[in-house]
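> Have a look at this one before I ask anything.
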Amino acid sequence: MPKLIVANYKMNGSKKLYATIIKKINKLKVMDTKIVLCPPFVYLDEFRLKNRFVSLGCQDITNEDNSKSTGQISPKMLLEFQVEYVIVGHSERRKLGEKDEQINEKVKICLNNGLQPIICVGEEKKSDKLDSVLFQVEQAIKNTPKNIIPIIAYEPVWAIGTGKLPEVSRINRMSKKIRTKITDLGYQNCILLYGGSINSNNFKEIMLSQIDGLLLGGVSLRIDEFIKIVKGIDDD
Ligand code: 13P
4 MPKLIVANYK MNGSKKLYAT IIKKINKLKV MDTKIVLCPP FVYLDEFRLK NRFVSLGCQD
64 ITNEDNSKST GQISPKMLLE FQVEYVIVGH SERRKLGEKD EQINEKVKIC LNNGLQPIIC
124 VGEEKKSDKL DSVLFQVEQA IKNTPKNIIP IIAYEPVWAI GTGKLPEVSR INRMSKKIRT
184 KITDLGYQNC ILLYGGSINS NNFKEIMLSQ IDGLLLGGVS LRIDEFIKIV KGIDDD
């Protein structure tokens with residue numbers, strides 16, 4: 004299975020920066036890596052991607068099946084811009100009050116409309132029990148068809164944007180727990196990503212753990228460093 008690398012640009016960037024990023028991404032040659040770029044909604048139309056290894060994603064979606072939702076973005080709108088993936092339940096949205104129930108609604112809205120949710124889970128503090136993460140996984144995919152292969156991004160909140168990394172052994176323990184949970188719930192498999200403080204100096208070490216790819220934040224904006232990571236993974 005090709006490795007999956009997702010760029011979450013968060014609330015960053017500009018038309019100028021994305022023009023540079025897209026130019027370089029369209030020229031990027033990889034063999035066995037899938038890349039997903041998730042810009043803020045207002046820049047989706049700038050992302051005219053001409054690289055079969057690269058797909059478009061976004062950072063959120065509505066949880067409501069109702070056009071009377073000021074400020075929300077519907078799946079139909081996203082599909083018009085060739086969006087294929089949606090980050091759902093990022094800890095930065097959970098912090099704003101998003102609950103497991105809404106995350107589950109968003110996951111179902113994605114799946115009902117042919118969009119692939121990238122479900123973010125992770126413990127708040129390093130001292131927290133890893134099992135709390137399994138509850139987030141279970142709630143997010145509740146009542147979804149068992150024939151899907153969920154994409155789960157393990158992002159320990161304490162590792163996001165802090166420069167702190169979990170040990171490979173911790174990621175492996177989490178990976179095993181999540182994969183076991185997924186099969187216990189009746190799904191065949193999942194695609195498991197890691198996210199939090201990855202850069203071009205530490206990605207190799209993290210890729211030694213039992214994960215299928217990365218969800219990158221800050222480093223995605225530094226396009227040359229981002230490409231270095233992609234190539235480093237693709238070459239392995
Ligand atoms: P950083 O890579 O900036 O720590 O962010 C990770 C993240 O939140 C990706 O969704």
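My numbering applies: residue 4 is where the sequence shown begins, and numbers increase by one. Each residue gets a CB set at the ideal place from its N, CA and C atoms; glycine is no exception. Remember, predicted model here, so these are calculated numbers, not experimental data.
1) To which residues of the same chain is residue 105 closer than 7 Å at the C-beta, ignoring the five residues directly before and after it?
2) Spell out a yes or no on whether the segment 12-24 and the segment 68-79 are touching, meaning 3 or more CB-CB pairs, one atom from each, closer than 8 Å.
3) Is there contact between the segment 31-48 and the segment 84-92, where contact requires at least three CB pairs shorter than 8 Å?
4) I want to check one thing, is the minimum distance from the CB of residue 145 to the heavy atoms of ligand 1 below 8 Å?
5) Just checking my contact of residue 53 with residue 29 at CB under 8 Å: how many whole Å lie between their CB atoms?
6) Work out the CA separation of residue 173 and residue 140 for me, nearest whole Å.
7) Distance check for residue 193 and residue 108, CA to CA, integer angstroms please.
8) Put residue 222 into one of helix, strand or coil per three-state DSSP.
9) Could you give the first and the last residue of the continuous beta strand (DSSP E) run that contains residue 94?
10) Can we count residue 123 as close to ligand 3, meaning its CB is less than 8 Å from some heavy atom?
11) Identify, in the order they occur along the chain, each residue of the same chain with its Cβ nearer than 7 Å to the Cβ of residue 133, setting aside the five sequence neighbours on each side.
12) Could you tell me which residues DSSP pairs with residue 156 in its beta bridges?
13) In this structure, how does DSSP classify residue 58 when only helix, strand and coil are distinguished?
14) Among 120, 205 and 103, which one has its Cα closest to the Cα of residue 135?
15) What residue from 217, 63, 119 and 81 has the CA that sits closest to residue 99's CA?
16) When every heavy atom of ligand 1 is checked, does at least one fall within less than 8 Å of the C-beta of residue 163?
17) In the segment 161-189, which residue ranges form an unbroken alpha helix (DSSP H) of at least 4 residues, counting only runs that do not cross its ends?
18) What are the residues that DSSP puts in a beta bridge with residue 10?
19) If you drop the 5 nearest sequence neighbours on each side, which residues of the same chain put their C-beta closer than 6 Å to that of residue 154?
20) Give the DSSP bridge partners of residue 86, in chain order.
21) Please check the pair residue 212 and residue 171, which I expect to be a contact at CB under 8 Å, by giving their CB distance rounded to whole angstroms.
22) What's the call for residue 240, buried or exposed, on a 16-neighbour Cβ count within 10 Å?
23) Tell me whether residue 140 sits in a helix, a strand or coil according to DSSP, three-state version.
24) In the structure shown, what three-state DSSP assignment does residue 33 receive?
A quick look at the data gives this:
1) For the purposes of this step, residue 105 is taken as residue 102 along the sequence shown, with counting starting at 1. The beta carbon of residue 105 lies closer than 7 Å to those of 66 in the same chain, with the five residues before and after it left out.
2) Touching, no, given that fewer than three Cβ pairs across the two stretches are closer than 8 Å.
3) Judged by Cβ distances under 8 Å, the segment 31-48 makes contact with the segment 84-92, as three or more pairs qualify.
4) Indexing the sequence shown from 1 puts residue 145 at position 142. Residue 145: no, Cβ never under 8 Å from ligand 1.
5) Taking the first residue of the sequence shown as position 1, residue 53 is located at position 50. Taking the first residue of the sequence shown as position 1, residue 29 is located at position 26. So it is a contact: roughly 5 Å between Cβ atoms.
6) Position 137 of the sequence shown, counting from 1, holds the residue named residue 140. Position 170 of the sequence shown, counting from 1, holds the residue named residue 173. Residue 140 and residue 173 have their C-alpha atoms spaced approximately 17 Å apart.
7) Stepping through the sequence shown from its first residue, residue 108 is reached at position 105. Stepping through the sequence shown from its first residue, residue 193 is reached at position 190. C-alpha separation (whole angstroms): 19 Å.
8) By 1-based counting over the sequence shown, the position of residue 222 is 219. In this structure, DSSP gives residue 222 a helical state, which the three-state scheme calls helix.
9) Within the sequence shown, the letter at position 91 stands for residue 94. Premise fails: residue 94 lies in the alpha helix (DSSP H), 94-97, not in any beta strand (DSSP E).
10) Looking for ligand 3 in the displayed structure turns up nothing; the ligands present are ligand 1.
11) Your numbering for residue 133 matches position 130 in the sequence shown. 126, 176, 177 and 180.
12) One-based indexing of the sequence shown puts residue 156 at position 153. The partner list for residue 156 (beta bridge, DSSP) reads 123 and 196.
13) Start at 1 with the first residue of the sequence shown, and residue 58 comes out as number 55. Here DSSP, grouped into helix, strand and coil, assigns residue 58 to strand.
14) Translated into the one-based positions of the sequence shown, residue 135 becomes position 132. Checked all of 120, 205 and 103; the closest Cα to residue 135 is 103.
15) If you number the sequence shown from 1, residue 99 lands on position 96. Of 217, 63, 119 and 81, the smallest CA-CA separation from residue 99 is found for 63.
16) On the sequence shown, position 160 is the one that residue 163 refers to. At a cut-off of 8 Å, the beta-carbon of residue 163 counts as near ligand 1: some heavy atom of the ligand is closer than that.
17) Taken in chain order, the complete alpha helix (DSSP H) segments of 4 or more residues contained in the segment 161-189 are 171-187.
18) Your numbering for residue 10 matches position 7 in the sequence shown. DSSP lists 40 and 219 as the bridge partner or partners of residue 10.
19) Your numbering for residue 154 matches position 151 in the sequence shown. Cβ contact annotation for residue 154 (same chain, cutoff 6 Å, sequence separation greater than five): 121 and 194, in chain order.
20) One-based indexing of the sequence shown puts residue 86 at position 83. Under DSSP, residue 86 forms a beta bridge with 59.
21) Counted from its first residue, the sequence shown places residue 212 at position 209. Counted from its first residue, the sequence shown places residue 171 at position 168. So it is a contact: roughly 5 Å between Cβ atoms.
22) Any answer about residue 240 is impossible in this case: the structure gives the chain only from 4 up to 239.
23) Residue numbering aside, residue 140 sits at position 137 when the sequence shown is read from its first letter. Residue 140 falls in the helix class under three-state DSSP.
24) Position 30 of the sequence shown holds residue 33. Here residue 33 sits in coil by DSSP.
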